[in-house]
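Asker: Please read through the structure below; I'll follow up with questions.
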Amino acid sequence: MADNIVSLRQKIERAEDLQSVILTMKALAASSIGQYEKAVDALADYYRIVELGLGVCFREEMPTVAGKWKEQKRSGVIGAIVFGSDQGLVGQFNDIIADYAVKKLTALPGKTQVWAVGERVHARLEDTNLSLNGLFTVPGSVKAITPLVGQILVESEKLQSQAESSKLYLFYNQPKSRTMYEPVSQRLLPLDEAWINERAKFPWPTRNLLPDIMGDNTVTLRALIREYLFVSIFRACADSLASENASRLAAMQRADKNIDELLEELNGTYYRLRQSGIDEELFEVVSGFEALSQARNPGDSESKNTQN
Numbered sequence: 022m023a024d025n026i027v028s029l030r031q032k033i034e035r036a037e038d039l040q041s042v043i044l045t046m047k048a049l050a051a052s053s054i055g056q057y058e059k060a061v062d063a064l065a066d067y068y069r070i071v072e073l074g075l076g077v078c079f080r081e082e083m084p085t086v087a088g089k090w091k092e093q094k095r096s097g098v099i100g101a102i103v104f105g106s107d108q109g110l111v112g113q114f115n116d117i118i119a120d121y122a123v124k125k126l127t128a129l130p131g132k133t134q135v136w137a138v139g140e141r142v143h144a145r146l147e148d149t150n151l152s153l154n155g156l157f158t159v160p161g162s163v164k165a166i167t168p169l170v171g172q173i174l175v176e177s178e179k180l181q182s183q184a185e186s187s188k189l190y191l192f193y194n195q196p197k198s199r200t201m202y203e204p205v206s207q208r209l210l211p212l213d214e215a216w217i218n219e220r221a222k223f224p225w226p227t228r229n230l231l232p233d234i235m236g237d238n239t240v241t242l243r244a245l246i247r248e249y250l251f252v253s254i255f256r257a258c259a260d261s262l263a264s265e266n267a268s269r270l271a272a273m274q275r276a277d278k279n280i281d282e283l284l285e286e287l288n289g290t291y292y293r294l295r296q297s298g299i300d301e302e303l304f305e306v307v308s309g310f311e312a313l314s315q316a317r318n319p320g321d322s323e324s325k326n327t328q329n
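Each position in the sequence shown, counted from 1, maps to that position plus 21 in this note's numbering.
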């Protein structure tokens with residue numbers, strides 16, 4: 022009995038220690054979600070400015086731009102960036118985005134080159150028929166996203182140098198709520214013709230005359246497209262990180278609930294055993310007292326027997 026109570030007490034203490042770790046991880050995940058969501062919101066104004074600038078460039082060179090991107094619609098090398106995680110405790114996060122990317126990429130014509138962001142999703146993609154060209158480390162903070170985006174842009178330029186008809190896709194999980202997300206994809210290059218036409222028709226937000234482009238239109242257009250790529254990749258990475266922490270938060274909430282149920286069961290068993298032990302000890306005390314009383318007063322016992 023004593024051994025069982027001691028063993029249960031140890032299990033309860035270990036469960037409580039584990040729960041304290043889980044609560045800490047829940048707090049960190051919730052905090053991380055907030056910082057990545059703020060980073061995405063902060064990009065909105067800058068992205069709008071880039072779109073307005075592209076709209077001006079597209080108006081100036083619409084025939085040239087439209088013709089260029091139409092030529093690049095031919096099948097060619099397909100580059101894909103798949104955002105996953107380096108760490109575990111994220112549920113089906115990596116499986117979901119890997120399966121989604123594989124399904125989408127296998128349906129596209131042409132040779133595929135894939136770069137994975139995160140060791141976990143890289144390992145998941147190794148089990149497929151896709152050609153893996155590289156592995157990037159998942160950023161650990163908002164500040165670390167910018168260097169990663171720079172590395173991806175370098176690989177993108179290498180891809181473009183291989184063939185002008187090459188394409189670039191992003192695959193990542195996008196948050197839907199505090200603990201929900203869904204896999205999405207975005208084709209960055211070549212620019213979509215409908216997307217170009219839509220930006221070219223953007224109304225200028227002020228009553229001033231439409232601004233003119235200073236210097237070479239082509240140079241300005243390329244600079245703005247690079248900024249568009251930077252913002253798009255940055256936002257995809259931030260969304261993926263927010264989704265990763267949302268998945269981790271959901272996993273920690275499930276674990277916390279399971280530990281609560283386990284602790285309730287263990288505490289119930291512990292108190293039942295403890296009460297049972299107390300009852301046994303009381304019974305032994307009472308029995309011992311009665312036996313001792315009879316031993317000290319044998320005459321009372323004999324008197325009772327005689328009367329009977």
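Ideal Cβ positions, reconstructed from N, Cα and C, are used throughout, including at glycine. Bear in mind that the values here come from a model prediction, so they are computed numbers and not experimental data.
Do three or more CB pairs link the stretch 103-118 to the stretch 277-297 at distances below 8 Å?
Answerer: Touching, no, given that fewer than three Cβ pairs across the two stretches are closer than 8 Å.
Asker: Tell me whether I136 is buried or exposed, calling it buried when 16 or more other Cβ atoms sit within 10 Å of its Cβ.
Answerer: Here residue 136 corresponds to residue number 115 of the sequence shown, with the count starting at 1. Correcting the residue identity first, residue 136 is Trp in this sequence and not Ile. It is buried - the Cβ of W136 has at least 16 other Cβ atoms within 10 Å.
Asker: If you follow the beta strand (DSSP E) that S182 is part of, which residue opens it and which one closes it?
Answerer: Taking the first residue of the sequence shown as 1, we reach residue 182 at position 161. Not the beta strand (DSSP E): S182 falls in the alpha helix (DSSP H), residues I166 to Q183.
Asker: If contacts are defined as beta-carbon pairs under 8 Å, then V103 and V138 qualify, I think. What distance do you get, rounded to the angstrom?
Answerer: Within the sequence shown, the letter at position 82 stands for residue 103. Within the sequence shown, the letter at position 117 stands for residue 138. Correct: roughly 7 Å between the Cβ atoms.
Asker: Just the Cα atoms here: how many angstroms apart are M235 and S162?
Answerer: On the sequence shown, residue 235 is found 214 positions in, with the first residue counted as 1. On the sequence shown, residue 162 is found 141 positions in, with the first residue counted as 1. Approximately 37 Å between the Cα atoms of the pair.
Asker: Determine which residues share a DSSP beta bridge with W136 and list them.
Answerer: Translated into the one-based positions of the sequence shown, residue 136 becomes position 115. Beta-bridge pairing links W136 to I102 and G155.
Asker: Of the choices D107, L169, Q56 and L129, whose alpha-carbon is the least far from that of R141?
Answerer: Here residue 141 refers to the residue found at position 120 when the sequence shown is read from its first residue. Looking at the Cα atoms, D107 is the closest of the given residues.
Asker: Using the beta-carbon count (16 or more within 10 Å), is R256 buried or exposed?
Answerer: Within the sequence shown, numbered from 1, the residue matching residue 256 stands at position 235. Under this definition R256 is a buried residue.
Asker: Does the Cβ-Cβ distance between L210 and L189 come in under 7 Å?
Answerer: Translated into the one-based positions of the sequence shown, residue 210 becomes position 189. Translated into the one-based positions of the sequence shown, residue 189 becomes position 168. Taking 7 Å as the Cβ cut-off, L210 and L189 qualify as a contacting pair.
Asker: Could you check what DSSP says for E37 in three-state terms: helix, strand or coil?
Answerer: For the purposes of this step, residue 37 is taken as residue 16 along the sequence shown, with counting starting at 1. In this structure, E37 counts as helix in the three-state DSSP scheme.
Asker: Do A36 and I280 have their CB atoms nearer than 7 Å?
Answerer: Counting from one through the sequence shown, the residue named residue 36 turns up at place 15. Counting from one through the sequence shown, the residue named residue 280 turns up at place 259. Contact flag set, yes.
Asker: Could you give the first and the last residue of the continuous beta strand (DSSP E) run that contains N194?
Answerer: For the purposes of this step, residue 194 is taken as the residue at position 173 of the sequence shown. Element bounds for N194: K188 to P196.
Asker: Between the beta-carbon of V252 and the beta-carbon of Y57, is there less than 7 Å?
Answerer: One-based indexing of the sequence shown puts residue 252 at position 231. One-based indexing of the sequence shown puts residue 57 at position 36. Contact flag unset, no.
Asker: Can you name, in chain order, every residue of its own chain whose Cβ lies under 8 Å from the Cβ of F223, other than the five neighbours on each side?
Answerer: Translated into the one-based positions of the sequence shown, residue 223 becomes position 202. E72, L73 and G76.
Asker: Throw me the rounded Cβ distance for the G100 and S177 pair, which I believe falls under 8 Å.
Answerer: Counting from 1 along the sequence shown, the entry for residue 100 is found at position 79. Counting from 1 along the sequence shown, the entry for residue 177 is found at position 156. Contact holds; Cβ gap of about 7 Å.
Asker: With the cut-off set at 7 Å, would you say N266 and A50 are in Cβ contact?
Answerer: In the sequence shown, the residue the question calls residue 266 occupies position 245. In the sequence shown, the residue the question calls residue 50 occupies position 29. Contact flag set, yes.
Asker: Grab me the residues of R208's own chain with a C-beta within less than 6 Å of its C-beta, minus the 5 sequence neighbours each way, in chain order.
Answerer: Taking the sequence shown and counting its residues from 1, one reaches residue 208 at position 187. Closer than 6 Å at the Cβ level, and outside the excluded window around R208, lie Y190.
Asker: Report yes or no: do the stretch 39-54 and the stretch 267-278 share at least 3 C-beta pairs separated by less than 8 Å?
Answerer: A contact exists between the stretch 39-54 and the stretch 267-278.
Asker: Using a 10 Å radius around the Cβ and a threshold of 16 neighbouring Cβ atoms, would you call E92 buried or exposed?
Answerer: The sequence position of residue 92 within the sequence shown is 71, counting from 1. Residue confidence for E92 is low, a pLDDT of 48 falling below 50, so the modelled location carries little weight; the figure read from the coordinates is stated next. With fewer than 16 other Cβ atoms within 10 Å, it is exposed.
Asker: With which residues is P204 paired in a DSSP beta bridge?
Answerer: In the sequence shown, the residue the question calls residue 204 occupies position 183. Answer by DSSP bridge pairing, in chain order: N194.
Asker: Between F192, E282, E305 and R220, which has its C-alpha nearest I70's C-alpha?
Answerer: Counting from one through the sequence shown, the residue named residue 70 turns up at place 49. Looking at the Cα atoms, R220 is the closest of the given residues.
Asker: Please classify S308 as buried or exposed, where buried requires at least 16 other C-beta atoms within 10 Å of its C-beta.
Answerer: In the sequence shown, counting from the first residue as 1, residue 308 sits at position 287. Flag for S308 reads exposed.
Asker: Just the C-alpha distance for N154 and V123, rounded to the nearest angstrom, thanks.
Answerer: The sequence position of residue 154 within the sequence shown is 133, counting from 1. The sequence position of residue 123 within the sequence shown is 102, counting from 1. Rounded to the nearest angstrom, the two C-alpha atoms are 15 Å apart.
Asker: Output needed for H143: all residues of its chain with C-beta closer than 6 Å, excluding positions within five of it in sequence on either side, in chain order.
Answerer: Sequence index remark: in the sequence shown, residue 143 carries index 122 (1-based). A137 and L156, listed in sequence order.
Asker: Near A263, what residues of its chain come up, given a Cβ to Cβ distance below 7 Å and the 5 sequence neighbours on each side ignored?
Answerer: Sequence index remark: in the sequence shown, residue 263 carries index 242 (1-based). Answer for A263: I54, Y57, E58 and P196, listed in chain order.
Asker: What does the alpha-carbon distance come out to for the pair T200 and S268?
Answerer: In the sequence shown, counting from the first residue as 1, residue 200 sits at position 179. In the sequence shown, counting from the first residue as 1, residue 268 sits at position 247. Computed Cα separation, rounded: 6 Å.
Asker: If I'm right that S186 touches G97 with Cβ under 8 Å, what's the distance once you round it to whole angstroms?
Answerer: To locate residue 186, count along the sequence shown from 1; it is residue 165. To locate residue 97, count along the sequence shown from 1; it is residue 76. Indeed, because the Cβ distance is near 3 Å, the residues count as touching under 8 Å.
Asker: Could you pull the start and end residues of the alpha helix (DSSP H) that W216 belongs to?
Answerer: Counted from its first residue, the sequence shown places residue 216 at position 195. Its alpha helix (DSSP H) spans residues E214 to A221.
Asker: Using a 10 Å radius around the Cβ and a threshold of 16 neighbouring Cβ atoms, would you call V159 buried or exposed?
Answerer: Here residue 159 corresponds to residue number 138 of the sequence shown, with the count starting at 1. When all chains shown are included, V159 counts as buried.
Asker: Which two residues bound the contiguous alpha helix (DSSP H) that contains N115?
Answerer: As a working mapping, residue 115 is identified with position 94 in the sequence shown. Element bounds for N115: F114 to T127.
Asker: Which term fits Q31, buried or exposed, when burial requires 16 or more other beta carbons within 10 angstroms of its beta carbon?
Answerer: One-based indexing of the sequence shown puts residue 31 at position 10. Flag for Q31 reads exposed.
Asker: With distances taken Cα to Cα, identify the nearest neighbour of A128 among L151, D116 and L146.
Answerer: As a first step, residue 128 must be located in the sequence shown, where it is residue number 107. Out of L151, D116 and L146, L151 has the C-alpha closest to the C-alpha of A128.
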